[in-house]
Amino acid sequence: MPLTVRVITPDKTVWDGEVQEAILPSTSGQLGILSGHAPLLTALDTGVMRVRPDKEWKSIAVMGGFAEVEQDEIKVLVNSAEAADTIDKEAAQEEFKAAQTRLEEASKGESPMEQIKATSAYKRARARLQAAGGLV
6 MPLTVRVITP
16 DKTVWDGEVQ
26 EAILPSTSGQ
36 LGILSGHAPL
46 LTALDTGVMR
56 VRPDKEWKSI
66 AVMGGFAEVE
76 QDEIKVLVNS
86 AEAADTIDKE
96 AAQEEFKAAQ
106 TRLEEASKGE
116 SPMEQIKATS
126 AYKRARARLQ
136 AAGGLV
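Those letters in the sequence shown? Residues 6 to 141, per this note's numbering, in order.
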């Protein structure tokens with residue numbers, strides 16, 4: 006029996022379909038969901054969500070939010086999300102390099118707020134690159 010997965014951002018629905026299984030980037034680690042999973046509500050970290058509608062896995066970069074699992078339905082409510090096929094891999098690679106440099110510079114500085122912002126930008130860039138198929 007397939008799972009119904011909906012990935013919803015404030016301005017659009019990124020994924021709405023049936024899958025055989027899903028892997029979510031929860032704040033406590035990767036979380037695999039199969040049909041018949043117990044009801045669950047979990048916080049999501051910035052990372053890559055993977056869904057398997059058939060034999061091939063599809064990646065979606067998600068930027069923090071929540072997921073609810075109930076009766077073979079997964080509702081993913083996130084701040085932002087991008088399907089892998091909409092991400093330019095070369096641009097994501099450049100963004101990742103820039104975010105990595107920013108994080109290194111912020112780590113040397115005195116401003117905790119800049120470190121937090123740089124860490125967040127780094128996590129977003131890494132998720133986008135991983136979803137696009139880049140190795141990080």
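For each residue, glycine too, the CB sits at the ideal point set by N, CA and C.
- At a Cβ-Cβ threshold of 7 Å, V81 and V12 count as neighbours.
- Contact check for L46 and T32: beta-carbon distance about 12 Å, past the 8 Å limit, so the pair fails to qualify.
- DSSP places A89 outside any beta strand (DSSP E), giving it a letter other than H or E.
- Shown here, K60 sits in coil according to DSSP, grouped into three states, outside any helix or strand.
- Residues P7, L8, T9, V10 and P58 of the same chain have their beta carbon placed closer than 8 Å to that of E23, with the five preceding and five following residues left out of the count.
- With a beta-carbon spacing of about 7 Å, I28 and L36 fall inside the 8 Å limit used to define contacts.
- Annotation: T9 is outside any alpha helix (DSSP H); the continuous beta strand (DSSP E) that includes it extends over L8 to I13.
- One thing to note: L134 has its Cβ within 7 Å of the Cβ of A97.
- For the 7 Å CB-CB criterion, A66 and E87 form a contact.
- Between R129 and T14, the C-beta spacing is not below 7 Å.
- P44 counts as exposed, since fewer than 16 other beta carbons sit within 10 angstroms of its beta carbon.
- Excluding its 5 nearest sequence neighbours in each direction, A137 has C-beta neighbours in its own chain below 6 Å: A89, I92, K94 and A97, listed in chain order.
- Distances from the CA of R131 to each of S112, E115, T106 and E119 were compared; the closest alpha carbon is that of T106.
- Each residue's CA atom was taken as its position, placing M118 and E100 some 20 Å apart.
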